Structures are given as C-alpha cells and as structure tokens.
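Data first, discussion second: the structure below is written as structure tokens.
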C-alpha cells in the first residue's frame, strides 16, 4: 500500500498529505501527521521516556491550542507552493 511507504515511527498516522504528480503518480512531497515543532517535541519526549504520558499529551494539546494551527498552515503553504 502507498501509505506503508510513509509510516510515522512505524505506524500509519493521519492526517497525512501526499503531493502526487498527476501523470506518473510519483510522490513529490509529503507532510504529516504533525507540524515539525510537535514532531520534535514528541520525538524528544519518547527518546527520554519511551512512551507518551498523559501529562505530555496534555502539554502537547496546550501547544496546539496556543498555536491555533499556525505552524501547520505555514508548513502546508510551503509544501503546496512546491518550494
């Protein structure tokens, strides 16, 4: 399956955006399932603690709430501009 080429830490994660060339179906770019800052936070926490705790999940949700989708929008805008 196509999604198996774009796993996140070995798992199928959503949302996942793939930019595909129309004629060849070649994947040009991909994004997801998190903005880079959230991905970095999760990776660092997992490296230190092994798995995500409820407290960490709550702090990540607070980050998302404060960001109000800003980083996601900026990353998707760059991706869709095909920079």
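In our numbering, the protein residues as written are 9 to 91.
We put the CB at the ideal spot given by N, CA and C, even for glycine.
Keep in mind that this is a model prediction, so the values were computed, not measured.
Check	Outcome
Let's see if you can read the secondary structure: which residues bound the beta strand (DSSP E) around residue 38?	35–39
State the start and end residues of the unbroken beta strand (DSSP E) segment that holds residue 26.	25–28
Please return the same chain residues whose Cβ sits closer than 6 angstroms to the Cβ of residue 53, not counting the five positions on each side in sequence.	64
Count the other CB atoms, across all protein chains shown, that sit within 10 Å of the CB of residue 61; report buried if there are 16 or more and exposed otherwise.	exposed
Looking at residue 24 and residue 43, is the spacing between their C-beta atoms short of 8 angstroms?	no
Would you mind stating whether residue 29 and residue 36 have Cβ atoms separated by less than 8 angstroms?	yes
Taking C-beta to C-beta, are residue 27 and residue 87 nearer than 8 angstroms?	yes
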